[in-house]
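Chains R and U supply the protein sequences, listed in that same order. Here our numbering is used: the first sequence runs in plain steps of one and ends on residue 1234. Here our numbering is used: the second sequence runs in plain steps of one and ends on residue 201. Accompanying notes for the structure given below.
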Amino acid sequence: MQSVRYSAAKLATGIGLGALLAATAAFELNAQQPAAPPPAWKQGMPSSMADSKLAPHAAPMTVTPVEKITVDKLKVPKGFKVEIWAHGMPGARMMALGDKGTLFIGTRTIGKVYAVSDKAGKREHKVVAEGLKQPNGIAFKNGSLYVITIDQALRFDGIEDKLDAPQPTDISQAINLPPSNHHNWKFAAVGPDNKLYMSIGVPCNICEIDTGKYGLIRRQNLDGSNIEIVARGVRNSIGFDWHPQTKELWFTDNGRDWAGDAGPEEELNRVAANAEGAFYGFPYCHANGIPDPDIKKPNPCAGVTMPAATLGPHAAALGMRFYTGSMFPADYKNAALIARRGSWNRTKKFGYDVVLAKINGAKATITPFMTGFLDTQTDAHWGRPVDVLQMPDGALLVSDEHNGAIYRVSYSGKVAATK
Amino acid sequence: MLDCARWRRLWAYAPAVAALLWVGLDGPAQAAEVPQERLQLCGTCHGENGNSKMEKMPSLAGQPELFLANQLILFRERLRKSEAMAPFAKDLTDNDILALAAHYAKLQPEPSPEPVDAGLAARGAELARKMYCGSCHLPDYVGREQMPRLARQRIDYTIEALTAYRAGTRYGVDTTMNGVMYDVSDQDIRALAHFLASVR
């Protein structure tokens, strides 16, 4: 286990700097390399692709009217049913469930955190935070909501009783976030060890990084103390969960761009109990052992932990959770559901679905679960699944960033109820 | 930044804005139509046909709809900070915003009245090619989706926007432009702006 602390933060606060400034300054003091990376977007784009018109697909930030959400196009296995559970929340992404049943939803560009309450079978939502810099990382523990943005960490104590007047405590100083922006929207969750876990992406498409600072999953006590690195060489993980039986951490990771349509593929990784702090290959070795075409070194895949499964080229495999409920058929138990937001850096779109990962020891097999967001004939998409979350009744919620909607997938076994 | 005189002029419109927004909230949402009064108000700075004649005020004519809608939402949510735009954007509904975006996207972009320096423009053309600007903004720089039209934009505005991206004081819907502008010199920013204004 490797340990890391950005300890100068405490010194800096002594001279009265704000929490954010302190964290930033501390980070820069410790940095061995210039704090700002070279142009993130240009890195790794070969001159042969200079004429490529591939660019990220932005999700709308306006409300999609519910009648325009074409939920009937979604396909799930026999016996399952999909319905719109909540809507009207532009940019809805990562989900966390409160103890009293409130669903909290993070976003990126629009800077809001939503709270959805179930009122007699109807869902109402409120905005509990806004004006934030990509509040993608949200977690819930002991009555408190944690919101991790690019540059801030906020804790909302007793939030479920204060949805109309949320009172955040700024814990940025204690949590100690690095200063870079690119790939630095977070995924966050509290683990079975009661520690706060979050991803710190790499500040580029492909580049050499200080593996002690970027490209990692880290954990710390809920008060911010004792930061430890759980996984390194991770390009950008926006989804992880703990296996219900082994309690080991499993995470998704996004492969690099501008290396062709074939990949390198996204990854589903496992952190074995005896291998915390293991290295997952970035920037030298991708997917199932593919050396990077730009950042080269001898034996690039030596010492790299290989994925449990690959998740497709440029698919943007993001939120994942293990299924522990009893509503779905028995073979879903302890399998993971993974939302794939869908590609942009690929001439033909790929992903735009939810897949099922059946776990077999250190490996996993991937099969489709929820499809229909992408019309493969016209290469047009109308939705972008980002996260999944199991409800207490065993139904699965799926967030759709493109339409600001949450779908509920349930199982009755009745074929007549399916599309 | 706005000079004082212009700032006072803008504030003189505040009661009118409030009245317009009230009307906007009152009536049913019409995504296709923008009230004339609101268009006149926008036109005061952005030009009545969406082609700005005012220093550092961007032209809106021919900008992609999604780009326009996104920016208005960023202003409304105070995520793109602008003293000039904040009072106008703060109470716009999503439907108001979609209507404005649809309106300005359809207008014809005209060249900026600013003089273009041919030497700078030539250098800017070379830089734009090296920086792959056309990959997202398209080879003729007309923009698409969330990525703005750059061709025919005002030189002083483009300089201001690129400088803000470089400084990290402005973000798009993602951080791409901040990465693109990292370490680009003032002189290169000027060259890019002169080139882009001159693209026909």
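Glycine included, each C-beta is placed from N, C-alpha and C at the ideal position.
Query: Cutoff 8 Å: Gln147/U Cβ touching any chain R Cβ; Result: yes
Query: N- and C-terminal bounds of the beta strand (DSSP E) containing Gly952/R; Result: Gly952 to Lys956
Query: Cα-Cα separation between Lys956/R and Leu918/R, rounded to whole angstroms; Result: 13 Å
Query: Cβ of Gly1039/R within 8 Å of any chain U Cβ; Result: no
Query: Reference Leu1037/R; option with closest CA among Gly1228/R, Arg1085/R, Ile986/R and Lys934/R; Result: Ile986/R
Query: Per DSSP, the bridge partner or partners of Glu49/U; Result: The partner list for Glu49/U (beta bridge, DSSP) is empty, contrary to what the question assumes.
Query: DSSP bridge partner residues for His1129/R (one or two, in chain order); Result: BP columns for His1129/R are empty, so no partner.
Query: Residue closest to Met1013/R, alpha-carbon to alpha-carbon, out of Leu1083/R, Cys1022/R, Ala968/R and Asp1190/R; Result: Ala968/R
Query: Start-to-end residues for the beta strand (DSSP E) that takes in Ser1158/R; Result: Counting along the chain, Ser1158/R falls outside any beta strand (DSSP E), and DSSP gives it neither H nor E.
Query: Contacting residues, own chain, Cβ-Cβ under 7 Å from Ala989/R (five flanking each side not counted); Result: Asp1038 and Gly1039
Query: Min CB distance Asp97/U to chain R below 8 Å; Result: no
Query: Straight-line gap, Leu139/U to Ser867/R (C-alpha atoms, nearest Å); Result: 9 Å
Query: As assigned by DSSP and simplified to three states, the class of Pro913/R; Result: Checking the sequence shown, residue 913/R turns out to be Gly, not Pro. DSSP places Gly913/R in coil when its eight states are reduced to three.
Query: First and last residue of the uninterrupted beta strand (DSSP E) at Val943/R; Result: Lys937 to Ala944
Query: 8 Å contact criterion, which Arg155/U and Ser83/U should meet: CB distance rounded; Result: Rounded, the Cβ-Cβ distance is 16 Å, inconsistent with contact.
Query: Where Cys137/U falls: helix, strand or coil (DSSP); Result: helix
Query: Near-chain R residues of the region 67-98 of chain U - C-beta to any C-beta below 7 Å; Result: Leu67, Ala70, Asn71, Ile74, Glu78, Arg79, Leu80, Asp95 and Ile98
Query: Exposure label - Ser1141/R; buried when at least 16 CB within 10 Å; Result: exposed
Query: Rounded separation between His1196/R and Lys937/R - CA only; Result: 28 Å
Query: C-beta contact flag for Pro871/R and Asp175/U at 8 Å; Result: yes
Query: Counted within 10 angstroms of its Cβ, other Cβ atoms place Pro1079/R as buried (16 or more) or exposed; Result: buried
Query: CB contact below 8 Å: Val174/U versus chain R; Result: yes
Query: Of the residues Leu75/U, Gly48/U, Gly135/U and Pro116/U, the one placed nearest Tyr105/U, counting alpha carbons only; Result: Gly48/U
Query: Contacting residues, own chain, Cβ-Cβ under 6 Å from Val181/U (five flanking each side not counted); Result: none
Query: N-terminal and C-terminal residue of the alpha helix (DSSP H) that Pro88/U is part of; Result: Ala87 to Ala90
Query: Residue-chain proximity (Val878/R, chain U), Cβ-Cβ < 8 Å; Result: yes
Query: Three-state secondary structure (DSSP) of Thr177/U; Result: helix
Query: Whole-angstrom C-beta distance between Ala192/U and Leu128/U, which should lie under 8 Å; Result: 6 Å
Query: Presumed contact (8 Å Cβ cut-off) between Thr159/U and Ala198/U, rounded CB distance; Result: 7 Å
Query: Rounded separation between Ala1074/R and Lys1164/R - CA only; Result: 15 Å
Query: Close-in-space but distant-in-sequence residues of the same chain around Trp1057/R (CB under 8 Å, 5 per side omitted); Result: Gly1006, Pro1007, Glu1063, Leu1064, Trp1065 and Phe1137
Query: Environment of Pro1082/R [buried if 16+ CB atoms lie within 10 Å]; Result: With the sequence shown as reference, residue 1082/R is identified as Glu, and Pro is not the correct amino acid for it. It is buried - the Cβ of Glu1082/R has at least 16 other Cβ atoms within 10 Å.
Query: 8 Å Cβ cut-off: residues of chain R touching Leu139/U; Result: Lys868
Query: Own chain, CB closer than 7 Å to Leu22/U, minus 5 neighbours either side, in chain order; Result: Residue confidence for Leu22/U is low, a pLDDT of 44 falling below 50, so the modelled location carries little weight; the figure read from the coordinates is stated next. Only Asp92 meet the Cβ criterion.
Query: Per-residue burial, Ala90/U [other beta carbons within 10 Å of its own, 16 or more giving buried]; Result: buried
Query: Cβ pair Val1045/R, Arg1034/R closer than 8 Å; Result: yes
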